[in-house]
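Protein chains: 2
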Amino acid sequence: MDLCLNPEREQWRELQLRCQSRQDDIRHIVAGILDEVKQGGDRALREISLRIDDSAPDDFQVSDAAFAEAAAKVAPELKVALENAKRNIEMFHAAQLPRKVAVDVQHGVRCIQKAVPIQRVGLYIPGGKAPLFSTVLMLAVPAKIAGCCEVVLCTPPRKDGSMCPEILFTAQLCGIDRVYALGGAQAIAAMAYGTESVPKVDKIFGPGNRFVTTAKQMVSTDTVAIDMPAGPSEVMVMADNSANPAYVAADLLSQCEHGEDSQAILLCNDAEFAEKVKAEVENQKEQLPRKPIIEESLKNSRIIVFTGEESREQMIDFANQYGSEHLIISMQRPWDIADQITAAGSIFIGNYSPESAGDYASGTNHTLPTSGWARSHSGVNIDSFMRKITYQQLSDPGLRGLSETIITMALAEGLHAHANAVAIRMKGGSK
Amino acid sequence: MDLCLNPEREQWRELQLRCQSRQDDIRHIVAGILDEVKQGGDRALREISLRIDDSAPDDFQVSDAAFAEAAAKVAPELKVALENAKRNIEMFHAAQLPRKVAVDVQHGVRCIQKAVPIQRVGLYIPGGKAPLFSTVLMLAVPAKIAGCCEVVLCTPPRKDGSMCPEILFTAQLCGIDRVYALGGAQAIAAMAYGTESVPKVDKIFGPGNRFVTTAKQMVSTDTVAIDMPAGPSEVMVMADNSANPAYVAADLLSQCEHGEDSQAILLCNDAEFAEKVKAEVENQKEQLPRKPIIEESLKNSRIIVFTGEESREQMIDFANQYGSEHLIISMQRPWDIADQITAAGSIFIGNYSPESAGDYASGTNHTLPTSGWARSHSGVNIDSFMRKITYQQLSDPGLRGLSETIITMALAEGLHAHANAVAIRMKGGSK
Numbered sequence: 001m002d003l004c005l006n007p008e009r010e011q012w013r014e015l016q017l018r019c020q021s022r023q024d025d026i027r028h029i030v031a032g033i034l035d036e037v038k039q040g041g042d043r044a045l046r047e048i049s050l051r052i053d054d055s056a057p058d059d060f061q062v063s064d065a066a067f068a069e070a071a072a073k074v075a076p077e078l079k080v081a082l083e084n085a086k087r088n089i090e091m092f093h094a095a096q097l098p099r100k101v102a103v104d105v106q107h108g109v110r111c112i113q114k115a116v117p118i119q120r121v122g123l124y125i126p127g128g129k130a131p132l133f134s135t136v137l138m139l140a141v142p143a144k145i146a147g148c149c150e151v152v153l154c155t156p157p158r159k160d161g162s163m164c165p166e167i168l169f170t171a172q173l174c175g176i177d178r179v180y181a182l183g184g185a186q187a188i189a190a191m192a193y194g195t196e197s198v199p200k201v202d203k204i205f206g207p208g209n210r211f212v213t214t215a216k217q218m219v220s221t222d223t224v225a226i227d228m229p230a231g232p233s234e235v236m237v238m239a240d241n242s243a244n245p246a247y248v249a250a251d252l253l254s255q256c257e258h259g260e261d262s263q264a265i266l267l268c269n270d271a272e273f274a275e276k277v278k279a280e281v282e283n284q285k286e287q288l289p290r291k292p293i294i295e296e297s298l299k300n301s302r303i304i305v306f307t308g309e310e311s312r313e314q315m316i317d318f319a320n321q322y323g324s325e326h327l328i329i330s331m332q333r334p335w336d337i338a339d340q341i342t343a344a345g346s347i348f349i350g351n352y353s354p355e356s357a358g359d360y361a362s363g364t365n366h367t368l369p370t371s372g373w374a375r376s377h378s379g380v381n382i383d384s385f386m387r388k389i390t391y392q393q394l395s396d397p398g399l400r401g402l403s404e405t406i407i408t409m410a411l412a413e414g415l416h417a418h419a420n421a422v423a424i425r426m427k428g429g430s431k
Numbered sequence: 001m002d003l004c005l006n007p008e009r010e011q012w013r014e015l016q017l018r019c020q021s022r023q024d025d026i027r028h029i030v031a032g033i034l035d036e037v038k039q040g041g042d043r044a045l046r047e048i049s050l051r052i053d054d055s056a057p058d059d060f061q062v063s064d065a066a067f068a069e070a071a072a073k074v075a076p077e078l079k080v081a082l083e084n085a086k087r088n089i090e091m092f093h094a095a096q097l098p099r100k101v102a103v104d105v106q107h108g109v110r111c112i113q114k115a116v117p118i119q120r121v122g123l124y125i126p127g128g129k130a131p132l133f134s135t136v137l138m139l140a141v142p143a144k145i146a147g148c149c150e151v152v153l154c155t156p157p158r159k160d161g162s163m164c165p166e167i168l169f170t171a172q173l174c175g176i177d178r179v180y181a182l183g184g185a186q187a188i189a190a191m192a193y194g195t196e197s198v199p200k201v202d203k204i205f206g207p208g209n210r211f212v213t214t215a216k217q218m219v220s221t222d223t224v225a226i227d228m229p230a231g232p233s234e235v236m237v238m239a240d241n242s243a244n245p246a247y248v249a250a251d252l253l254s255q256c257e258h259g260e261d262s263q264a265i266l267l268c269n270d271a272e273f274a275e276k277v278k279a280e281v282e283n284q285k286e287q288l289p290r291k292p293i294i295e296e297s298l299k300n301s302r303i304i305v306f307t308g309e310e311s312r313e314q315m316i317d318f319a320n321q322y323g324s325e326h327l328i329i330s331m332q333r334p335w336d337i338a339d340q341i342t343a344a345g346s347i348f349i350g351n352y353s354p355e356s357a358g359d360y361a362s363g364t365n366h367t368l369p370t371s372g373w374a375r376s377h378s379g380v381n382i383d384s385f386m387r388k389i390t391y392q393q394l395s396d397p398g399l400r401g402l403s404e405t406i407i408t409m410a411l412a413e414g415l416h417a418h419a420n421a422v423a424i425r426m427k428g429g430s431k
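Line by line, the protein sequences give chains A and B. For the first sequence, the working numbering assigns the number 1 to the initial residue and increments by one for each residue that follows. For the second sequence, the working numbering assigns the number 1 to the initial residue and increments by one for each residue that follows.
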């Protein structure tokens with residue numbers, strides 16, 4: 001972990017660069033897969049699965065028997081943990097349900113805004129050696145609370161064709177009964193266009209590899225919404241001498257174990273503290289099974305130290321410019337700092353709020369904007385599963401009171417038919 | 001306007017098709033412009049403007065003198081109308097400001113969700129013969145209410161190099177003082193990447209031609225958020241015999257005058273009523289200056305009649321499947337219908353709520369999802385200018401209460417460093 005002391009503002013941009021992912025264009029490969037599934041439906045899904053994975057299930061939809069088997073395989077203590085996490089996530093997301101807004105803006109002119117669930121949503125959960133069943137909770141729980149009618153989930157089968165029991169169990173715990181053994185760009189295509197067995201959805205959520213995220217990006221301009229742009233995971237820790245270097249190091253490392261392209265940044269105001277954290281990182285990482293991944297991602301990671309009178313302000317400015325997915329504030333008066341943060345996905349306050357609390361069980365969502373997208377995007381929340389429809393109801397006198405305003409504006413924009421739609425009502429058109 | 005009586009459900013998709021825009025790919029042209037501006041800044045903007053428009057202003061930023069001149073040119077009655085419309089839009093959007101959500105999910109575990117304004121937003125307003133200054137109100141008013149620090153606006157100069165006075169006046173009325181005489185894909189590039197004179201923004205809003213919307217789409221996967229996907233405008237009117245055929249015809253025509261690719265659909269339950277509307281459309285359109293445009297868009301428009309006992313339910317299903325940008329409900333018990341609508345941008349209730357009321361002055365926003373995107377996207381509202389950040393604060397006992405849950409889940413996902421970030425705190429790491 002490089003350490004940088006009091007960088008000039010001109011250097012900040014460079015210090016905030018994320019790990020550049022490989023730039024080779026896979027759009028044409030993904031476009032081919034999307035088109036194949038769009039045209040060929042289930043038959044194409046089967047062909048692609050055989051081509052890429054050397055096998056294809058008889059039925060993409062996971063059977064009731066497979067669910068029952070999965071439930072028997074999940075450890076009892078994990079079931080308890082999942083229930084606990086689910087309860088907190090439910091409680092916090094239910095509290096986010098938006099109220100109805102109704103305003104009489106003037107006599108006889110009533111405006112209403114109401115949130116309505118997105119009808120059909122599709123969740124994607126990647127496979128791999130350690131499948132992230134926690135993401136099932138983070139997507140399925142708010143989908144159910146929002147009231148989405150149809151929630152389906154695609155996740156790839158394992159090498160031997162079986163499904164990860166924890167993912168199936170968690171899906172069922174959340175009330176998702178339609179799970180498809182499908183991965184990759186072809187899973188995204190199936191949910192975007194629909195096939196004989198996979199229903200077309202209105203919005204697709206969830207992380208994935210480059211093929212999955214490129215497919216999501218491509219269908220999002222074409223036919224179906226997506227949760228947010230993708231990028232490697234990241235954490236920023238803001239710390240002063242009230243923080244514990246061992247805790248800070250543990251937080252940086254928990255980010256670094258995600259993947260080789262992860263990034264952890266420590267912002268602090270004391271070089272000696274920084275050195276202590278660095279030593280702790282070196283020390284703790286030796287015990288971690290994912291040490292090889294961590295050593296790679298530490299190369300993308302750095303420590304920035306701002307000393308002097310303006311250090312607190314500089315740290316805040318730097319953090320806002322970075323716009324971190326996760327931001328841990330282990331400093332005195334942490335809420336003073338938090339209130340000045342304008343861009344972050346999720347913020348962790350104080351010495352006892354590690355990122356892993358939010359990753360699993362505090363109740364907040366862990367599907368968050370990366371790569372600086374926190375400047376413009378929210379993390380997944382209850383709104384992500386709803387749309388806000390507006391309604392207006394004008395009475396005859398209500399429209400009359402606004403008629404001159406509307407007609408004047410419409411004529412000035414050259415839209416005579418717009419003006420006429422009001423004028424004809426004011427005349428009382430013949431019925 | 002074709003009339004279709006009791007179509008079978010298998011026919012619905014075809015009847016719901018929007019006007020297909022030209023499919024030739026302009027991505028490579030737009031990619032060239034984006035890259036040119038990204039690399040060359042203001043110099044590139046000047047070169048592109050000279051190449052495309054044969055002229056480039058000395059200074060892209062509109063001067064105070066130009067604002068003053070513009071204000072002198074706007075008709076006094078239009079100023080009054082703009083103030084009225086602005087007041088209603090302000091009142092309804094201010095009422096939408098989201099509340100802070102704070103929940104203690106369990107002892108010592110506090111979760112908070114707070115909306116924070118997007119710092120820098122860019123608005124694009126197209127040029128053309130009749131520039132749509134009303135869109136300035138629809139974008140600038142909520143941006144200001146949300147509290148965005150920096151709001152800039154790009155709009156192309158007219159043929160003679162001058163700016164549309166109504167656009168400048170409305171921008172100033174809304175408190176936007178940085179307006180740039182810039183149009184096309186190069187304007188989007190300037191706001192996405194920043195140049196010497198145009199600031200980089202976090203999110204870009206507003207309609208535009210194919211070059212503008214393609215540029216928005218392309219930068220949205222790269223660097224900056226956008227309001228929503230683009231498509232031609234559309235209205236659906238649901239009517240029964242309680243509606244007035246002349247009013248309905250006027251509403252259909254007001255949609256049709258927008259552009260040749262606009263679409264207007266009438267859903268009703270009586271063939272005789274449908275014929276009356278059709279006759280009114282023919283009759284009213286003769287008086288309208290935009291008759292040539294209307295005659296084109298009427299070719300994309302149609303009347304669907306569902307008769308029989310289930311007509312009300314069929315109309316609702318058809319409307320939900322279509323997912324209209326604007327939906328006018330001129331039927332008995334209109335709120336019964338409205339409450340069953342799951343996909344629409346903005347809904348107009350009753351016989352005195354024409355679309356033009358919402359286009360200008362009722363207080364709702366007129367920047368709405370088209371082409372069926374209403375199934376997954378909201379129209380522009382106060383949320384569009386904010387992000388929701390989550391916060392969590394756990395106390396030592398709070399984390400202790402969750403530690404087993406977190407550690408169990410982290411280990412089951414193979415993420416030991418995540419588990420360690422909790423375990424080290426429970427041991428009380430040496431400081």
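We treat Cβ as the ideally placed atom computed from N, Cα and C, and that holds for glycine. Predicted model only: the values in this text are computed from it and were never measured.
B:S395 at chain A interface by Cβ criterion, 8 Å: yes
Uninterrupted alpha helix (DSSP H) stretches inside the stretch 181-220 of chain B (no shorter than 4 residues): 184-193, 210-220
Among A:Q340, A:R43, A:S254, A:I48, nearest to A:V30 - alpha-carbon criterion: A:I48
Cβ-based burial, B:P229 [other Cβ within 10 Å; buried from 16]: buried
CB of A:K216 within 8 Å of CB of A:I188, strictly: yes
Distance, A:V136 Cα to B:F169 Cα: 50 Å
A:A421 at chain B interface by Cβ criterion, 8 Å: yes
Selection from B:T213, B:A343, B:Q392 that minimises the alpha carbon distance to A:Y391: B:A343
When B:P292, B:L132, B:D317, B:L288 are compared against B:P7, the one with the closest alpha-carbon: B:D317
Stretch-stretch touch, CB-based, cutoff 8 Å, three pairs: the stretch 413-422 of chain A with the stretch 279-291 of chain B: yes
Test: B:N348 CB closer than 8 Å to a CB of chain A: Correcting the residue identity first, residue 348 of chain B is Phe in this sequence and not Asn. So, interface residue.
Status (buried if at least 16 other CB within 10 Å, exposed otherwise) for A:A68: exposed
Residues of the stretch 175-208 of chain B with Cβ closer than 7 Å to any Cβ of chain A, in chain order: D202, K203
Interface flag, B:M331 vs chain D, CB-CB below 8 Å: The structure shown contains no chain D; its protein chains are A and B.
Length of the line joining the Cα atoms of A:G401 and B:V281: 26 Å
Rounded C-alpha distance that separates A:V248 from A:D359: 16 Å
Residue range of the beta strand (DSSP E) that includes A:C111: 109-117
B:I328 beta carbon less than 8 Å from that of B:V116: no
Whole runs of the beta strand (DSSP E) within the stretch 315-368 of chain B, excluding any shorter than 3 residues: 324-330, 344-349
C-alpha distance - A:L139 paired with B:I112, whole-angstrom precision: 18 Å
Simplified DSSP state of B:K129, which is helix, strand or coil: coil
Any chain B beta carbon closer than 8 Å to A:H28: no
Minimum Cβ-Cβ distance from B:V136 to chain A less than 8 Å: no
Contact set for A:I406: own chain, Cβ-Cβ below 6 Å, skip 5 residues either direction: V422
Neighbourhood of B:F60 by C-beta distance below 6 Å, restricted to the same chain and skipping five residues each side: Y180, A181, L182, S197
Pick from A:T364, A:A130, A:L267, A:G41 that is closest to A:R87, judged by C-alpha positions: A:T364
Buried versus exposed call for A:N300 [16 or more other C-beta atoms within 10 Å across all chains shown]: buried
DSSP state of B:E166 mapped onto helix, strand, coil: helix
Closest Cα partner of B:F211 within the set B:S311, B:H28, B:E404, B:R9: B:H28
Minimum C-alpha distance to A:A102 - residue among B:H93, B:H107, B:V109: B:H93
Contact list for the stretch 85-97 of chain A against chain B, Cβ threshold 7 Å: A85, N88, M91, F92, A95, Q96
Contact the stretch 329-343 of chain B vs the stretch 242-258 of chain B: 3+ CB pairs below 8 Å: yes
Contact set between A:Q314 and chain B, taken where Cβ atoms lie within less than 9 Å: What A:Q314 touches in chain B: nothing, since even the nearest Cβ is about 18 Å away.
Member of B:S162, B:A246, B:E296 whose CA lies at the smallest distance from the CA of B:S262: B:E296
Which listed residue (B:R375, B:L399, B:D35) has its alpha carbon closest to that of A:S362: B:L399
Neighbour flag for B:E234 against chain A, beta carbons, 8 Å: no
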